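Read top to bottom, the protein sequences are chains A and V.
Its first residue numbered 7, the first sequence is counted upward by one per residue in the numbering used here.
Its first residue numbered 7, the second sequence is counted upward by one per residue in the numbering used here.
There are 2 protein chains.
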Amino acid sequence: MTVAARRGRSPEGRAEVRRDLVAAAVELFRVRGYEDTTVDDIAAAAGVGRRTFFRYFRSKEDAISPDHETALARVAEVFETAHPTEPSAPLVLRAGETVFDIYADDPRLSVDRYRLTHEVPALRDRESASVDHYRRLFTRYLRRRFAGDPDGDLRAAVIGAAVVAAHNLALRAWLAAGAPADGMEACRERFRRVAEMLPGEPAGDDDLHAVTQRLEQAVVRLERTTPPEH
Amino acid sequence: MTVAARRGRSPEGRAEVRRDLVAAAVELFRVRGYEDTTVDDIAAAAGVGRRTFFRYFRSKEDAISPDHETALARVAEVFETAHPTEPSAPLVLRAGETVFDIYADDPRLSVDRYRLTHEVPALRDRESASVDHYRRLFTRYLRRRFAGDPDGDLRAAVIGAAVVAAHNLALRAWLAAGAPADGMEACRERFRRVAEMLPGEPAGDDDLHAVTQRLEQAVVRLERTTPPEH
DNA sequence: AGCGTAACGGCACTGCGTGCCACTGTACAA
DNA sequence: TTGTACAGTGGCACGCAGTGCCGTTACGCT
Numbered sequence: 007m008t009v010a011a012r013r014g015r016s017p018e019g020r021a022e023v024r025r026d027l028v029a030a031a032v033e034l035f036r037v038r039g040y041e042d043t044t045v046d047d048i049a050a051a052a053g054v055g056r057r058t059f060f061r062y063f064r065s066k067e068d069a070i071s072p073d074h075e076t077a078l079a080r081v082a083e084v085f086e087t088a089h090p091t092e093p094s095a096p097l098v099l100r101a102g103e104t105v106f107d108i109y110a111d112d113p114r115l116s117v118d119r120y121r122l123t124h125e126v127p128a129l130r131d132r133e134s135a136s137v138d139h140y141r142r143l144f145t146r147y148l149r150r151r152f153a154g155d156p157d158g159d160l161r162a163a164v165i166g167a168a169v170v171a172a173h174n175l176a177l178r179a180w181l182a183a184g185a186p187a188d189g190m191e192a193c194r195e196r197f198r199r200v201a202e203m204l205p206g207e208p209a210g211d212d213d214l215h216a217v218t219q220r221l222e223q224a225v226v227r228l229e230r231t232t233p234p235e236h
Numbered sequence: 007m008t009v010a011a012r013r014g015r016s017p018e019g020r021a022e023v024r025r026d027l028v029a030a031a032v033e034l035f036r037v038r039g040y041e042d043t044t045v046d047d048i049a050a051a052a053g054v055g056r057r058t059f060f061r062y063f064r065s066k067e068d069a070i071s072p073d074h075e076t077a078l079a080r081v082a083e084v085f086e087t088a089h090p091t092e093p094s095a096p097l098v099l100r101a102g103e104t105v106f107d108i109y110a111d112d113p114r115l116s117v118d119r120y121r122l123t124h125e126v127p128a129l130r131d132r133e134s135a136s137v138d139h140y141r142r143l144f145t146r147y148l149r150r151r152f153a154g155d156p157d158g159d160l161r162a163a164v165i166g167a168a169v170v171a172a173h174n175l176a177l178r179a180w181l182a183a184g185a186p187a188d189g190m191e192a193c194r195e196r197f198r199r200v201a202e203m204l205p206g207e208p209a210g211d212d213d214l215h216a217v218t219q220r221l222e223q224a225v226v227r228l229e230r231t232t233p234p235e236h
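Put into structure tokens, the structure is as follows:
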């Protein structure tokens, strides 16, 4: 305990204890199962007291996704520092890329977490809640941006939900494949295709031009579409 | 206790006990707060033992949204009994309407639940998980329907998420207003507008016609759009 | 060297959720 | 009518998550 007491004093020490706790939790969950692992087990494996565990994580589930708040803040920063005239589509795409970066930072841990969250119902539901936090963040920003537009709230809700869903689809496919380093670009490209499915700018009084432009884009996309191979 | 023991015997008795428990839970949560209400309190208020509570509900949170599974099954039935040639857009709209029906069945209870789930973080996260179950259901069905299409999975994910998000937007606006009887139609209409934002059928080899049709629709929509009032 | 501070471990407590069991009212058979 | 199988109930005890409290201990600062 003397060692542990010393470890937590400096900021580096705290980070080390935190890493040990996450590693112990993930390993124990993987080997012994989530339900059959107690907080005592995790704390003991990391060499700290049970009470200390709860000083690092709010709950047992928290040990699995401890960076959620940080990731959320990073995405929020992307929105806040964006140039006001930047179109919405590339911006939400850029925000999504930020999340990819976080997951790609530690692929092994990401894969372990992915498997756990898709096997344990309790963690699965928690994951849903986390994803919904992202959805709300996207939607909140878009709602501000579309304020005053006809159906602005609806467009914000739809685009926010759609982007997050596409993001998860791409991310989970990559994780299910074991998060290969050479698969990340395909993941990102898959995500970007959502942009083609988003509803465009609302039709105002004077932008019939925009509508015809959308048609042109659609025709161009049509021409370069290769026929499906079946 | 003799009374309670008798109540639970017949199917009607079980339904009655169930209703009493839900009513007691909602009322206690509303008056005393969710965290400050124990399962003992709920059981005592309903006149049954604490152990019996857990025979009716899996958890304390379950007492708030006990019909989730039923509602999910009802929506699944809409998808399964749908005619194979029915277009996707009206079908997912119809599935959404089904959920409206369920909420409109007991507006008072729906409003109480809405307020609770938006004030208590634990219930809020649980609500996210529930909503995600709907999203998965929608997406699963659409994925089967789009199987083989280019970007079929992506379209399914996007449309499923978008429809559920729009549904929640409309539903929550109605609930936040106190679920007025004369506001339900506006709620439904608001939900239906999501159909205009959904990506159309994928551009194949021979459906340039569909694209031009979408343009025509867009122009028509443009013409009947009243200018925003700001 | 002395002192304030902050993180630690341990303890006790509340409350959720579950396994177990004895009890009781009900339905059905002898 | 009496006996019996059964299903739902309440109570008890237990494990575990999460929290408040407190004495202890190591580190930084003066």
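Glycine included, C-beta positions come from ideal geometry on N, C-alpha and C.
Everything numeric in this text was worked out from a predicted model, so none of it was measured.
Cβ of residue i within 8 Å of any chain A Cβ
i      : result
V:P90  : no
V:G102 : no
V:A135 : yes
V:T123 : no
V:D26  : no
V:D138 : yes
V:R198 : no
V:R194 : no
V:E175 : The sequence as given places Leu at residue 175 of chain V; Glu does not occur at that position. Yes, because at least one Cβ of chain A sits closer than 8 Å to the Cβ of V:L175.
V:V98  : no
V:P205 : yes
V:R161 : yes
V:A69  : no
V:A171 : yes
V:V164 : yes
Under the three-state DSSP convention, the category residue i falls into
i      : result
V:I1   : No answer is possible for residue 1 of chain V: it lies beyond the span of chain V, which begins at 7 and ends at 236.
V:T104 : helix
A:L204 : coil
A:A185 : coil
V:G158 : helix
A:I48  : helix
A:S116 : helix
V:R64  : coil
A:H89  : coil
A:G39  : coil
A:P72  : coil
V:G19  : helix
A:V81  : helix
A:A31  : helix
V:V137 : helix
A:V54  : coil
V:V5   : It is not possible to answer for residue 5 of chain V, since the shown part of chain V is limited to 7 through 236.
V:A95  : helix
Identity of the residue in the options nearest residue i by Cα
i      : options                           : result
A:F106 : A:R178, A:R199, A:P205 and A:L27  : A:R178
V:F59  : V:E75, V:D42, V:E202 and V:V23    : V:V23
A:V164 : A:H74, A:F144, A:V137 and A:L175  : A:F144
A:A239 : A:A30, A:M203 and A:R194          : Residue 239 of chain A lies beyond the range of chain A shown here (7 to 236); nothing can be said about it.
V:V170 : V:V81, V:E75 and V:A192           : V:V81
A:R132 : A:V200, A:T43 and A:K66           : A:K66
A:L27  : A:R100, A:A201, A:V45 and A:Y40   : A:V45
A:G158 : A:P205, A:R100, A:D118 and A:A182 : A:P205
V:A192 : V:D111, V:A51, V:W180 and V:V37   : V:W180
A:R196 : A:R13, A:G102, A:A31 and A:A153   : A:G102
V:F152 : V:R64, V:D42, V:P90 and V:T43     : V:P90
V:R3   : V:V37, V:R100 and V:A110          : Outside the shown range of chain V (7 to 236) lies residue 3 of chain V, about which nothing can therefore be said.
V:T123 : V:A30, V:G39 and V:S16            : V:G39
V:D118 : V:R13, V:V37, V:A88 and V:M203    : V:V37
V:A51  : V:A110, V:F35 and V:R64           : V:F35
A:E33  : A:Y62, A:M203, A:R121 and A:V137  : A:R121
Assumed close pair residue i, residue j - CB separation to whole angstroms, cut-off 8 Å
i      : j      : result
V:A185 : V:S116 : 6 Å
A:L129 : A:I48  : In fact, because the Cβ distance is near 15 Å, the residues do not count as touching under 8 Å.
V:D155 : V:R146 : V:D155 to V:R146, Cβ: 15 Å. No contact.
V:H139 : V:L78  : 6 Å
V:G189 : V:A183 : 6 Å
V:R141 : V:A167 : 6 Å
V:T104 : V:V126 : Not really, about 27 Å apart at Cβ, beyond 8 Å.
A:I108 : A:D73  : 7 Å
A:A95  : A:A201 : 5 Å
CB contact below 8 Å: residue i versus chain V
i      : result
A:A50  : no
A:M190 : no
A:D131 : yes
A:R149 : no
A:G39  : no
A:A201 : no
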